[in-house]
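Structure record follows, encoded as structure tokens.
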Amino acid sequence: MEERLYALEIKLMELEQTVSELNDVLTEQFKVIDQLEYSNRQLNSKIAALGEADETDVRDEPPPPHY
674 MEERLYALEI KLMELEQTVS ELNDVLTEQF KVIDQLEYSN RQLNSKIAAL GEADETDVRD
734 EPPPPHY
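In my numbering, the protein residues as written are 674 to 740.
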């Protein structure tokens, strides 16, 4: 009986360690996701700004020089 209790305590200790490690990984992944979301918003803003700056009408531009 005592051996079984000891084995269960060891197993519980290992499971607690695994849960702790998984929690650390999950926390790090959330940080990475937050950074990626921030970068994505920044890039979308830059793309939108470039799109607005590029919305000039082609007819307003002078014709290209001919050779």
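Even for Gly, the Cβ is constructed at its ideal location relative to N, Cα and C.
What are the boundary residues of the alpha helix (DSSP H) that Glu710 is part of?
675–726
Alpha carbon of Gln715 to alpha carbon of Leu678, nearest angstrom
55 Å
Expressed to the nearest angstrom, what Euclidean distance is found between the alpha-carbon atoms of Ser712 and Ala721?
14 Å
Using the C-alpha atoms, what's the distance from Lys719 back to Leu709?
15 Å
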